[in-house]
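What follows is a set of notes on a single structure, which appears directly below.
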């Protein structure tokens, strides 16, 4: 975690450079009535003033916040370890005869512990979309396809990425095959789906 | 099995996985009658540089107080305060700062958070405080300051309200999730019916989606044009169908104009007992019913079972439907059933004067008509085409033969009002309150959005991919 305004200030390249501040040579803050210009100025100077319709000055600062989480998969770990071995694992409640394609370690209907099972490595498109925008973390990957996959013998479905085809190719019911990352990152993206051979008309 | 092609799947459907699903029960409910006596909102805006979250809440609270001059600060027994994400305000325990800023210490207060339904839950939490006898008068106030981060970072925060093991890392993006849901909705209800005669699967689905996209655009035009007469709305626009259809594709088939935006804003409501209401106003609004429903956090975990039926529906209406799947919102259905039962409503389409529902996407407005029983499952698109949810007296640029039947989102909804999450459900309550008081003219400066003789309205607040939903029924008391 960082302190307010530290991203620019601490780098010594902007407002506090060379102790100019002490000598009264403070840089003038950007003053604007456009919110987008405030955002731009914060990226450069670490602070800016929005002047509203009444002429009042509203001070903005850049306020960074970074965290590295010590994230645990805990009871979901077998699924992610399975991906690294090229296995797609779901769970099954024998009492309810219900197979979860996205594993739930306890059955959502009876509450009993479910056992791990291997899912087939082929499935079908249950639903899909192509994202032309995304949240910040994924903007650089756009456009990408999301797919909900259904499997023979499973009662629930799995959300995944669909690669190797474009928006024009995809349809509900399209046959798919699972693919696995050669070098696992231990993320859900270690598995993805592609059209089964011959499924895309070219 | 999603499409019923496996023996295991068929067998498990015979075993009704819903047998353990409790039907929402409210018949046992007792408690005091609760009235809404005042409401206030700030304008929803991209940013309010001159107000932080505390001052926005203060402005909404003061607007509400101005409606009930007899209300003294001492009359307020406590508060329920809502905001969705600590990430946006970068301030934990922000609700304590609202309580503090409003000068309401040392009264009881609690922060409410329930994803997109945060505002709706806050309203019901205040209802509970009064109904239970814990308080005679309770303030519900909520806000969000989403302008504090860049839009795409804001989308990332919102997407963190999806499972971070299984969903978020795939490209966590709520528009993408809603696109997945509507694509299946279109497959179930348009491809399988209207375009059943087309053999080529790709072609049939493309045609079905083109049709559905046009209907979604009608919803977007409706909400944007309704908002032209709502001075509190963030994005009123004189849109055309072509403008919506030609706006940027965000997640196929959802376009830019089908989606609500990030907003700053606050809203406040004051709820109290009958006795207190008589002291404060001659035009109170009764909170006649409350309902809340939930569903799995992950879309992929939703069962393929049977529809939760309303009194005006029969099981045979949905013999072949696997429900909710990823295409419908079981939480919205459960919340509606509970609220209608509480309010004594048997046929919502006939008994509600209007509905303010959570249209984060034009697609989810159509899905929600069905969940709320305004039309049957599968009839959402024709409900729009007939014009039922449109207002009489507003020009939409296309014919709406049955306009005024069940007006939905006369305010402009989230799509045109904006969606400062913790305030949104409360904003719906305030606007419904003005509708039922018949004071839209006074509050909006125009009678255009006033539903004539509005008697009873529903507000609907929705979270996640439908993981929690509230529905509340408000009713006019004066003849």
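Chains as they are written, first to last, in this note's numbering: chain R, 16 to 217; chain P, 3 to 481.
Ideal Cβ placement from N, Cα and C applies to all residues, glycine included.
At a cut-off of 8 Å between beta-carbon atoms, residue 106 (chain R) makes no contact with chain P. If you draw a 10 Å sphere on the C-beta of residue 183 (chain R), you find fewer than 16 other C-beta atoms in it, and that means exposed. For residue 208 (chain R), the enclosing beta strand (DSSP E) covers residues 206-210.
Using a CB distance cut-off of 8 Å, residue 85 (chain R) does not count as an interface residue toward chain P. Contact residues of the stretch 107-129 of chain R toward chain P are 111, 112, 113, 114, 115, 116, 117, 119, 123, 124 and 125 (C-beta to C-beta distance below 8 Å).
Here residue 126 (chain P) has 292, 294, 472 and 474 as same chain residues with Cβ atoms under 7 Å from its own Cβ, once five neighbours each way along the sequence are excluded.
DSSP places residue 356 (chain P) in the strand class (E or B) of the three-state scheme. Closest by C-alpha distance to residue 327 (chain P), out of P:321, P:309 and P:319, is P:309. Cβ contact annotation for residue 164 (chain P) (same chain, cutoff 8 Å, sequence separation greater than five): 170, 174, 176, 179, 299, 300, 466 and 467, in chain order. DSSP places residue 180 (chain P) within a helical segment (H, G or I) once states are collapsed to three.
Residue 144 (chain R) belongs to the set of residues whose beta carbon lies under 8 Å from a beta carbon in chain P. Just so you know, the alpha carbons of residue 43 (chain R) and residue 63 (chain R) end up roughly 9 Å apart. In the three-state reduction of the DSSP assignment, residue 306 (chain P) falls in the strand class.
In the three-state reduction of the DSSP assignment, residue 71 (chain R) falls in the coil class.
Residue 171 (chain R) and residue 214 (chain P) have their alpha carbons spaced roughly 26 Å apart.
Identification of residues in the stretch 156-170 of chain R having a C-beta nearer than 7 Å to some C-beta of chain P yields 156, 159, 161, 163, 165, 167, 168, 169 and 170, given in sequence order. Contact holds between the stretch 417-434 of chain P and the stretch 78-96 of chain P, because three or more Cβ pairs, one in each stretch, are under 8 Å apart. Scanning its chain for C-beta atoms nearer than 6 Å, with the 5 sequence neighbours on each side dropped, one finds around residue 88 (chain P) the residues 94, in chain order.
CA-CA distance, residue 166 (chain R) to residue 150 (chain P), rounds to 42 Å. Contact between residue 418 (chain P) and residue 248 (chain P) is absent: CB atoms are separated by about 18 Å, not below the 8 Å threshold.
Among the CB atoms of chain R, none fall inside 8 Å of the CB of residue 382 (chain P). Residues of the same chain with a CB within less than 8 Å of the CB of residue 191 (chain R), apart from the 5 flanking positions on each side, are 137, 138, 139, 140, 162, 164, 177, 208, 209, 210, 211 and 214 in chain order. Unbroken beta strand (DSSP E) runs of no fewer than 3 residues, entirely contained in the stretch 332-402 of chain P, are found at 356-358, following chain order.
Taking all protein chains shown into account, residue 430 (chain P) has 16 or more neighbouring C-beta atoms within 10 Å of its C-beta and is therefore buried. With a beta-carbon spacing of about 7 Å, residue 59 (chain P) and residue 104 (chain P) fall inside the 8 Å limit used to define contacts.
Distance from the CA atom of residue 387 (chain P) to the CA atom of residue 400 (chain P), rounded to whole angstroms, is 10 Å. Excluding the 5 residues flanking it on each side, residue 132 (chain P) has same chain C-beta neighbours closer than 8 Å at 34, 36, 138, 139, 140, 273, 274 and 275, in chain order. In this structure, residue 428 (chain P) keeps its C-beta atom at 8 Å or more from the C-beta atom of residue 40 (chain P). Pairing residue 361 (chain P) with residue 451 (chain P) gives a Cβ-Cβ distance that is not under 8 Å. For the C-beta of residue 328 (chain P), the chain R residues within less than 9 Å are, from N- to C-terminus, 141, 142, 163 and 172. Going by DSSP, residue 199 (chain P) is part of no beta strand (DSSP E) at all; its letter is neither H nor E.
Judged by DSSP in its simplified three-state form, residue 451 (chain P) adopts coil rather than helix or strand.
Here residue 124 (chain R) carries a coil assignment [DSSP, helix/strand/coil]. When the Cα atoms are used, residue 228 (chain P) and residue 393 (chain P) turn out to be separated by approximately 8 Å. Every alpha helix (DSSP H) stretch that sits fully inside the stretch 84-160 of chain R and reaches 4 residues is listed by chain position as 92-99.
Listed along the chain, the chain P residues whose CB falls inside 9 Å of the CB of residue 147 (chain R) are 250, 251, 252, 253 and 254.
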